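For the sequence shown, this note's numbering assigns the number 1 to the initial residue and increments by one for each residue that follows. By construction, the Cβ of each residue, glycine as well, lies at the ideal position given by its N, Cα and C atoms. Computed from a prediction, not measured in an experiment: that's the story for all the values here. This report concerns only the one structure given below.
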Amino acid sequence: MSAAVEGSAGGGAAVEFQGIRRSYGSTHALAGLDLALKSGELLALLGPSGCGKTTALRLLAGFDRPTDGRVLIGGRDVTDVPASRRDTGMVFQAYSLFPTMTAAENVAFGLRMRKVATAERRRRAGELLELVGLGDRGGSYPHQLSGGQQQRVALARALAVAPSVLLLDEPLSALDARVRVQLRDEIRRLQLAEGITTLFVTHDQSEALAIADRVAVLNAGRLEQVAPPQEIYSSPATTFVAEFVGVVNRLAATPDGPGRVRVLGASAQLDGDPTDTVLVRPEALTVGAEGPGEAGTVVTRTFLGAVTRLVVATEAGEVTVDAVTRPGLPDAGERTVVRLDTDRVRAATA
């Protein structure tokens with residue numbers, strides 16, 4: 001099944017991109033995007049800079065119009081509907097809070113625009129600030145809040161109007177690593193609690209894998225694969241997905257009987273026809289002092305906590321190995337043998 005068909009999963013979708021094309025002169029930002037978000041799911045739109053993911057989000061938000069195709073929300077064609085009438089809430093990378101308004105006033109802004117009564121606005125703003133852990137900061141102005149706190153206020157503001165779809169545009173990229181992880185988990189908790197359909201745009205594969213129900217990988221305006229995070233990582237549909245999501249070794253292989261190849265001194269079964277290049281994740285490799293495998297010399301050793309990453313120079317080229325951290329792992333300059341888990345070898349594809 002192609003990524004496009006798999007991504008446009010059936011009727012009753014909360015959001016649908018149908019044959020979306022967006023061109024800017026001779027540049028094709030999106031080249032026929034077919035993608036559906038299920039009601040209540042968080043879908044991460046992942047890809048490198050310039051792949052079209054922000055264009056897709058802007059088309060859904062109503063900030064731009066497609067060259068061709070349709071955008072549907074709840075089965076309703078909103079392709080030509082203004083942004084203000086699309087029932088979406090958006091959180092930007094740069095917070096975009098009003099500097100002259102308090103946190104509570106920022107959260108209540110959308111309700112004020114909808115002519116909601118003052119008492120109800122205050123109640124809802126207070127409720128949402130409590131929800132994002134800022135119940136005591138309603139009277140603070142943006143400059144009195146940290147970056148993480150400002151982004152929490154922006155999230156509360158987006159949720160205040162009870163949108164049918166929440167749009168997150170690289171919402172964590174301006175934060176430091178510790179706060180980014182905390183807020184990532186908070187976004188997921190709130191999204192599950194509210195049951196809101198969410199499109200999360202990011203270039204960070206670790207964020208996408210950690211937070212999403214499904215991940216859609218874009219490359220040069222085209223959808224490469226849509227699948228749950230575990231499947232994206234362990235069964236990438238294309239070489240691009242394998243190399244963009246996580247670390248992967250691209251290794252030469254030789255035929256070794258029907259449906260088999262020989263790589264790193266071991267014989268591995270492949271699904272489909274054997275190829276002269278295979279993909280192997282670092283955790284599918286181990287090292288030892290002797291035994292079957294490919295001998296080599298450790299180039300670098302990097303401690304990463306639970307695992308230690310070794311780069312080993314072998315006759316097949318440099319190989320990255322993620323070994324469980326333990327005493328006795330070889331150090332840089334030492335000889336070792338790289339061993340392969342033959343059940344975790346994939347053919348390189350287009």
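Spatial neighbours of residue i in its chain, beta-carbon cut-off 8 Å, leaving aside the 5 residues before and after
i: Q182; result: G148
i: L270; result: G259, R260, V261, V278, V345, R346, A347
i: A227; result: E6, R214, V215, S235, A237
DSSP state of residue i mapped onto helix, strand, coil
i: A4; result: Unreliable positioning characterises A4 in this predicted model, as indicated by a pLDDT of 38, which lies under 50. The coordinate reading is nonetheless provided below. A4: helix per DSSP, three-state reduction.
i: A216; result: strand
i: V248; result: coil
i: M90; result: strand
i: A13; result: coil
i: Y24; result: strand
i: P229; result: helix
i: L128; result: helix
i: S146; result: coil
i: R301; result: strand
Environment of residue i [buried if 16+ CB atoms lie within 10 Å]
i: K53; result: buried
i: L33; result: buried
i: F244; result: buried
i: E318; result: exposed
i: L192; result: exposed
i: A268; result: buried
i: E290; result: exposed
i: V217; result: buried
Distance, residue j Cα to residue i Cα
i: V15; j: T100; result: 35 Å
i: L167; j: E127; result: 21 Å
i: A306; j: T325; result: 6 Å
i: A316; j: D341; result: 17 Å
i: R122; j: A108; result: 7 Å
i: R222; j: L111; result: 37 Å
i: F200; j: G62; result: 16 Å
i: F303; j: V311; result: 12 Å
i: A119; j: A125; result: 10 Å
i: G138; j: L190; result: 19 Å
i: H143; j: L264; result: 56 Å
i: L251; j: G89; result: 45 Å
i: G10; j: I73; result: Low confidence applies here, because G10 scores a pLDDT of 41, under 50, leaving its location unreliable; read the following figure in that light. Their Cα atoms are separated by approximately 14 Å.
First through last residue of the alpha helix (DSSP H) which encompasses residue i
i: V181; result: 177 to 194
i: T55; result: 53 to 61
i: T239; result: 239 to 244
i: V280; result: Where V280 is concerned, there is no enclosing alpha helix (DSSP H), although the beta strand (DSSP E) it sits in stretches over 277 to 280.
Sequence-distant residues of its chain with Cβ nearer than 6 Å to residue i (five each side left out)
i: D64; result: R58
Residues near residue i by beta carbon distance below 7 Å, same chain, minus five either side
i: A220; result: C51
i: L97; result: N106, P142, Q150, V153, A154
i: A210; result: R184
Residue interval of the beta strand (DSSP E) (run including residue i)
i: A208; result: Segment 205 to 211 is the alpha helix (DSSP H) holding A208; no beta strand (DSSP E) there.
i: F98; result: Element bounds for F98: n/a, residue is neither H nor E.
i: A44; result: 42 to 46
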